[in-house]
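For the sequence shown, counting from 1, position 72 maps to 77 in this note's numbering; every step adds exactly one.
Ideal placement from N, C-alpha and C gives every residue a C-beta, glycine not left out.
Everything numeric in this text was worked out from a predicted model, so none of it was measured.
Report on the structure given below.
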Amino acid sequence: MSGWKVIILRGLDISFSLLGLVVFLPLLLSVAIIGLLDTGYPIFLQVRMGKHKRPFTLIKFRTMVVSTQSVASHLAPSSSVTKFGSFLRKTKLDELPQLLNVLKGEMSLVGPRPNLLNQDELIKERECLGVYDVLPGITGLAQVENIDMSTPEFLARTDQEMISDLGVGSYFKYIVMTILGRGAGDTIGR
């Protein structure tokens, strides 16, 4: 992406993440309190791969029992998702704390979904297509089209397609599509 496009999109990220954190503060606190009652640990931290393959700690609301193994969602047992966690996933409220990752410059609102460090096949496919040249995102083309990490080659091609066309218009398009409920969120396996 050109320098100006990167600067404009980063400015939008900062503005919207700040606004979102302020506007949604009561909701964030409410979800954290209910999550505390649900699992005892409402915040979920997981190391993911960021821009230029640099690791960062992703922040989400916990949707699974604490003892769940740290794997890609499509590999996690569906029985590990709590009732409240299922609600958070359906409404995508589990993603709200990632506004902090956006504000810190580790993520964008729109970009390829950050993968785990052990997803070797996906890492290889994304590396070949230059997907790690941009910040990972909370939402994007793969998310609104329900493409998860279980199909690494297809996901990497979809990410690269989104990156090559990403501009202010498509940035807003993916955000609006996500807000309007397009995409089911991360698939839970087994």
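Pick from the options that is closest to residue i, judged by C-alpha positions
{"i": "Lys56", "options": "Asp138, Leu41, Ile168, Met154", "result": "Asp138"}
{"i": "Leu17", "options": "Thr183, Tyr176, Leu34, Phe66", "result": "Tyr176"}
{"i": "Pro119", "options": "Thr62, Val149, Leu134, Phe66", "result": "Thr62"}
{"i": "Ile168", "options": "Met154, Leu146, Ser22", "result": "Leu146"}
{"i": "Gly90", "options": "Leu134, Ser155, Met54, Gly40", "result": "Gly40"}
{"i": "Val86", "options": "Asp43, Val52, Met54", "result": "Asp43"}
Rounded straight-line distance, which links the Cα of residue j to that of residue i
{"i": "Val25", "j": "Glu132", "result": "Here the sequence assigns Gly to residue 25, which means Val is not the residue at that position. If I take the Cα positions, the gap works out to 31 angstroms."}
{"i": "Leu121", "j": "Lys95", "result": "22 angstroms"}
{"i": "Leu114", "j": "Leu171", "result": "12 angstroms"}
{"i": "Asn123", "j": "Ile38", "result": "32 angstroms"}
{"i": "Thr68", "j": "Leu101", "result": "13 angstroms"}
{"i": "Thr163", "j": "Leu93", "result": "26 angstroms"}
{"i": "Gly8", "j": "Phe49", "result": "34 angstroms"}
{"i": "Arg59", "j": "Lys109", "result": "14 angstroms"}
{"i": "Glu150", "j": "Ala161", "result": "13 angstroms"}
{"i": "Thr73", "j": "Gly135", "result": "32 angstroms"}
{"i": "Val27", "j": "Met54", "result": "27 angstroms"}
{"i": "Leu34", "j": "Asp99", "result": "12 angstroms"}
With 16 other Cβ atoms within 10 Å as the buried cut-off, status of residue i
{"i": "Glu111", "result": "buried"}
{"i": "Lys10", "result": "exposed"}
{"i": "Ile128", "result": "buried"}
{"i": "Val36", "result": "buried"}
{"i": "Asn106", "result": "buried"}
{"i": "Ile180", "result": "buried"}
Spatial neighbours of residue i in its chain, beta-carbon cut-off 8 angstroms, leaving aside the 5 residues before and after
{"i": "Gly45", "result": "Val71"}
Sequence-distant residues of the same chain with beta carbon closer than 6 angstroms to residue i, five excluded per side
{"i": "Pro157", "result": "Glu126, Leu127, Glu130"}
{"i": "Leu140", "result": "Lys56, Met112, Ser113, Gly116"}
{"i": "Gln148", "result": "Gly188"}
{"i": "Ser22", "result": "Leu104, Val107, Leu108"}
Neighbourhood of residue i by C-beta distance below 7 angstroms, restricted to the same chain and skipping five residues each side
{"i": "Ile64", "result": "Ile48, Leu50, Pro102, Gln103, Leu105, Asn106"}
Practice item. Could I get the ranges of all uninterrupted alpha helix (DSSP H) runs contained in the stretch 55–127, with 4 residues as the minimum, in chain order? Key: 88–96, 103–108
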